[in-house]
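S.K.: Going by the numbering used here, the sequence shown opens with residue 2, and the numbers climb by one from there.
Each residue gets a CB set at the ideal place from its N, CA and C atoms; glycine is no exception.
Quick one: this structure, given as structure tokens, is what I'll be asking you about.
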Amino acid sequence: MRKKLFSLFLAIMVAFSTVQPISATSSSELKKQREEKESQKSSTQSELDAINDQISDLSGEKEDVDAQISELTSQIAEIMVSVDLMEEEIADTEEQIVQAQKDYDAAKVKEEEQYTAMKKRIQYLYEKGENSYLQVLLEAKSWGDLLNKAEYVQEIYTYDRKMLDDYAATVEEVAQLKEDLELKKSDLEASRYELEQEEDSLQQSLDEQKAISADYEQDLAKAREEAAVYKQKIQEQNEEIKQLAAAEQSKRAEEEEAQRKAEEESRKAEESRKAEESRKAEESRKAEEEKKSESSAASEKEPEKESGSKTSSTSTASAPSSTNGSAKGSEIASYACQFVGNPYVPGGTSLTNGADCSGFTQSVFKAFGYSLPRTSSEQRSAGREVSYAEAQPGDLICYAGHVAIYLGNGRIVHASSVKTGIKYGNATYKTILSVRRIVG
């Protein structure tokens, strides 16, 4: 583009160097100069039109780049909001984990206290051994008293057993909640990492587009300067053409007046000549009439000659010429399952040593000759979009900051988080943003 503008600038300089002074001495020469100048003006106008076309093209291209800058800025803003929301959710999850730990510790203390109390009661009842327990029962004064004592011992045992079971269940429930919260936190951290990677990628693209926009702005400024030079040149050429036209008109008037005087003198001389010729012609006519009268009788006797001619013409005319899903997708899905259990590594692309979610999908498809972009957001534009109802094994399931491979029957395989690694999961465990068909 810059080379083209420089060439046009040289053309302007050459056009300026061709300006000639008005030095003609005849209207025809002035007319020739004027026509040459009009031709130069036409050429300059063509160059100006070309520059204006380039300005229009540059402006349109810059508008496209600015639109991309606006779109990228909007996407980055959305990602930043998503990251902030994830940060809040992670912080809330961490608080829930702390509270779950407190609940676990409290339940564990109560379990220990109940267990200690039960041991004391059992020790009290059975500290003298089995014979003492029998003695307590034998000392019953009646059968009803015996049953009461036996029931009392059984109730104590049943109560303690139930309390221990309840506390044990509480401890297990709180421990499971803590583990679930830690798993959720790990998933959130993985999604946050993916979004931050996506933000970095978009920021890089934004910086590149801004640099391109700056280049366009510089080219536009230079093109406008050169257009101004062309406009100035056209104004000068118009003035020169105006001067040449005025000089031509004045010179033509002088030439017409000189021609009129010459024609007047010529007319007078011609009239004198014609008068003399007319006199001589009249004398010659009379002599000719006498001569014709004498030869009239002889000419009437001569036979009339007939002449004729035949003409013929010929004309010629020429006639007118006369799915249940693709096998490849299922193969990709089966291949991806081989790596379940391998680690999640932020920024990784190794199926064996560790990968993040987009690195996992990229490497799986690469093994079958398909090239996917690096980040999860870029992979949302890969292939073609289908609905979730049409999803087939081997399709990509895209989420906010995450991507997975569909296995069919609502199941996925994906690099989930640092805590869980590559694993199976349900496709609808998070909101699905897009389903992309890469194969078929």
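Over the uninterrupted beta strand (DSSP E) stretch that includes residue 414, give me the two end residues.
M.R.: Per DSSP, residue 414 belongs to the beta strand (DSSP E) from 412-418.
S.K.: Under three-state DSSP, which class holds residue 424?
M.R.: Residue 424: strand per DSSP, three-state reduction.
S.K.: Under three-state DSSP, which class holds residue 388?
M.R.: Note: residue 388 maps to coil in three-state DSSP.
S.K.: Excluding the five sequence neighbours on either side, which residues of its own chain have a C-beta within less than 6 Å of the C-beta of residue 345, listed in chain order?
M.R.: For residue 345, where only same-chain residues beyond five positions count, the Cβ hits under 6 Å are 416, 418, 419 and 422.
S.K.: So residue 48 packs on residue 231, CB below 8 Å; how close in whole Å?
M.R.: Yes, residue 48 and residue 231 are in contact; Cβ-Cβ is about 6 Å, under 8 Å.
S.K.: Could I get the ranges of all uninterrupted beta strand (DSSP E) runs contained in the segment 176-210, with 3 residues as the minimum, in chain order?
M.R.: Entirely contained in the segment 176-210, not one beta strand (DSSP E) run reaches 3 residues.
S.K.: Out of 338, 40 and 117, state which residue places its alpha-carbon closest to the alpha-carbon of residue 162.
M.R.: Looking at the Cα atoms, 117 is the closest of the given residues.
S.K.: State the beta-bridge partners of residue 435 as determined by DSSP.
M.R.: BP columns for residue 435 point to 399.
S.K.: Enumerated in chain order, which unbroken segments of the alpha helix (DSSP H) with a length of 4 residues or greater are wholly contained in the segment 212-284?
M.R.: Runs found: none.
S.K.: Just curious, the alpha helix (DSSP H) that residue 363 is in, first and last residue?
M.R.: Taken as a continuous stretch (DSSP letters only), the alpha helix (DSSP H) holding residue 363 covers 358-367.
S.K.: Do you know whose CA, among 339, 336, 334 and 365, lies nearest residue 349's CA?
M.R.: With distances taken between Cα atoms, residue 349 lies closest to 365.
S.K.: Roughly how many angstroms lie between the CA atoms of residue 261 and residue 224, to the nearest whole one?
M.R.: C-alpha separation (whole angstroms): 54 Å.
S.K.: Taking 8 Å as the threshold (C-beta atoms), are residue 333 and residue 384 in contact?
M.R.: Contact flag unset, no.
S.K.: Kindly list the residues whose CB is nearer than 8 Å to the CB of residue 172, restricted to its own chain and excluding five residues on each side of it in sequence; keep chain order.
M.R.: Here the set comprises 105, 108, 109 and 112.
S.K.: Under three-state DSSP, which class holds residue 405?
M.R.: Residue 405: strand per DSSP, three-state reduction.
S.K.: Going by other Cβ atoms of all chains shown within 10 Å of its Cβ, with 16 needed for buried, is residue 201 buried or exposed?
M.R.: So residue 201 ends up on the exposed side.
S.K.: Does residue 381 pass the burial test, meaning 16 or more other C-beta atoms within 10 Å, or should it be called exposed?
M.R.: Residue 381 should be labelled buried.
S.K.: If you draw a straight line from the alpha carbon of residue 220 to that of residue 45, how long is it in whole angstroms?
M.R.: When rounded, the distance between both Cα atoms is 20 Å.
S.K.: Which whole-angstrom value is the C-beta distance of residue 90 and residue 189, which I expect to be below 8 Å?
M.R.: About 6 Å; that satisfies the 8 Å criterion.
S.K.: Distance check for residue 411 and residue 437, CA to CA, integer angstroms please.
M.R.: One C-alpha to the other measures close to 15 Å.
S.K.: Evaluate contact between the segment 190-210 and the segment 68-87, counting only Cβ atoms and requiring at least three cross-stretch pairs below 8 Å.
M.R.: At 8 Å Cβ cutoff, the stretches touch.
S.K.: Taking all protein chains shown into account, decide if residue 307 is buried (16 or more other Cβ within 10 angstroms of its Cβ) or exposed.
M.R.: For residue 307, the predicted model reports a pLDDT of 39, less than 50, meaning its position is unreliable and no value from the coordinates is stated.
S.K.: Quick one: is residue 362 near chain D, going by C-beta distance under 8 Å?
M.R.: Among the chains of the structure shown, chain D does not appear; only one protein chain is present.
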